[in-house]
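This report refers to the structure that appears directly beneath it.
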Amino acid sequence: LARPSRRKNIKMEQDQSNPVKRSATNVPSVLLAGFQSKEAENISLVLAQMGWEATSLSKEAEIESAFAAQRFDITVVDADHLEVFAPHFIARLRDSRGRSADATILAVGHSMLDGLKDQLMQSGANLVIPKPSDPRAYIVSFTRAATLRVQNIGAWRG
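The sequence shown begins at 5 in the numbering used here and counts up by one.
Shown next as C-alpha cells:
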C-alpha cells in the first residue's frame, strides 16, 4: 500500500481548515470595488489560488449596479481610491440591498484616520482592515470575512 505524500497531507489540512468548501462550478465570488488595476490584478491572483472568483470594478455607478444586481459573497471596498467618502458609499451599497445581512463588506485602506474605522463599521462594513503591502496577506481577511458570512446567513449561497 503506497503512503500518501506529505504534500497531499498538507493540502488536505488546508482544505479542512477553510470555512468555504465549494465545487468547481460553485465558487465564492468577490467584488473588488475601487481598486487600481494592478492591485486588483494581484488580489485576483490570490483569490484564484484560493479557488475564488473576482470581479473588479472601479467606477462607482458600475460598482453599485453590480452589487445590487448580483450576489457576491464578499465585497471588498478600497476606501482610499473611491471618488466619494467611503462610509457614504458603503451605506449606499447597503441601502441598495435593504441593508441585507447577506452582503459581506470588507473595507480596506492605507489611512485609517481617527474615527474612520468606526464610520466605516457604522455605515455597514463587516470588517475594516489596513491595506496590506503584500496581497497574499488578504487570505486571512478573506477567510475571516467568509466565516462572518456563514455566521450571518447560515450558509453560502448556491
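Yeah, the Cβ is synthetic: ideal placement off N, Cα and C, and Gly gets one too.
Can you tell me whether residue i is helix, strand or coil according to DSSP?
i: Lys25; result: Low per-residue confidence applies at Lys25: pLDDT is 37, beneath 50, and the placement is therefore not dependable enough to give any value.
i: Ser69; result: helix
i: Ala129; result: coil
i: Asp138; result: coil
i: Ser33; result: strand
i: Ala107; result: coil
i: Ala58; result: strand
i: Val80; result: strand
i: Val112; result: strand
i: Val144; result: helix
Can you grab the Cα-Cα spacing for the pair residue i / residue j, in whole Å?
i: Phe39; j: Ser62; result: 6 Å
i: Val88; j: Ala95; result: 12 Å
i: Lys25; j: Leu51; result: Confidence at Lys25 is low in this model, with a pLDDT of 37, below 50, so the placement of that residue should be treated as unreliable; the coordinate-derived value is given next. When rounded, the distance between both Cα atoms is 14 Å.
i: Glu43; j: Ala58; result: 12 Å
i: Pro134; j: His85; result: 14 Å
i: Thr29; j: Trp56; result: Because Thr29 sits at a pLDDT of 47, beneath the cut-off of 50, its placement in the model cannot be relied upon, and the following sentence gives the value as read from the coordinates. Each residue's alpha carbon lies about 11 Å from the other.
i: Lys121; j: Ser145; result: 16 Å
i: Val132; j: Gly113; result: 8 Å
One question on the structure: do residue i and residue j come within less than 8 Å of each other, judged by their Cβ atoms?
i: Asp82; j: Ala149; result: no
i: Leu124; j: Ala111; result: yes
i: Ser48; j: Ser60; result: yes
i: Thr147; j: Ile109; result: no
i: Ser115; j: Pro91; result: no
Assuming residue i and residue j make a contact with CB atoms under 8 Å, what is their CB distance in whole Å?
i: Leu97; j: Phe76; result: Not quite, the Cβ-Cβ distance comes to about 11 Å (not below 8 Å), so this is no contact.
i: Glu68; j: Ser100; result: 6 Å
Counting only the same chain and skipping the five closest in sequence on each side, list residues whose C-beta sits under 7 Å from that of residue i.
i: Tyr142; result: Ile47, Val50 and Pro136
Going by beta carbon distance, what residues of the same chain come within less than 8 Å of residue i, once the five residues before and after it are set aside?
i: Arg140; result: Val50
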